[in-house]
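This report concerns only the one structure given below.
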Amino acid sequence: MDSTIDLFVPLIGEYGFPLVITLYLLHRLEQKIDRVTMAVERLPEQLEQNRSPARLAK
Numbered sequence: 499m500d501s502t503i504d505l506f507v508p509l510i511g512e513y514g515f516p517l518v519i520t521l522y523l524l525h526r527l528e529q530k531i532d533r534v535t536m537a538v539e540r541l542p543e544q545l546e547q548n549r550s551p552a553r554l555a556k
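Counting from 1, position 6 in the sequence shown corresponds to residue 504 in the working numbering; the numbering is continuous, with no gaps.
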């Protein structure tokens, strides 16, 4: 955590607090979107695995 703070302090001084916070939040959001994308890509496979044989017989 301290190394993260040490990284951001010079950036805040040079570019300004709002810009640095925006970039940090965008970076965090990108990671979450990547995880959601991976989950959605695996969804058809998971749905296929969860189908019961009784539903397929109908």
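C-beta atoms are modelled at their ideal positions from N, C-alpha and C, and glycine is treated no differently.
- Unbroken alpha helix (DSSP H) run spanning Arg540, endpoints: 515-548
- Thinking C-alpha only, which one of Leu545, Leu505, Val534 is nearest Leu521? Leu505
- Message: Looking at the ligand SAH, does it come within less than 6 Å of Leu521, judged from the CB to the closest heavy atom?
- Response: The ligand SAH is not among the ligands present in this structure, which contains no ligands whatsoever.
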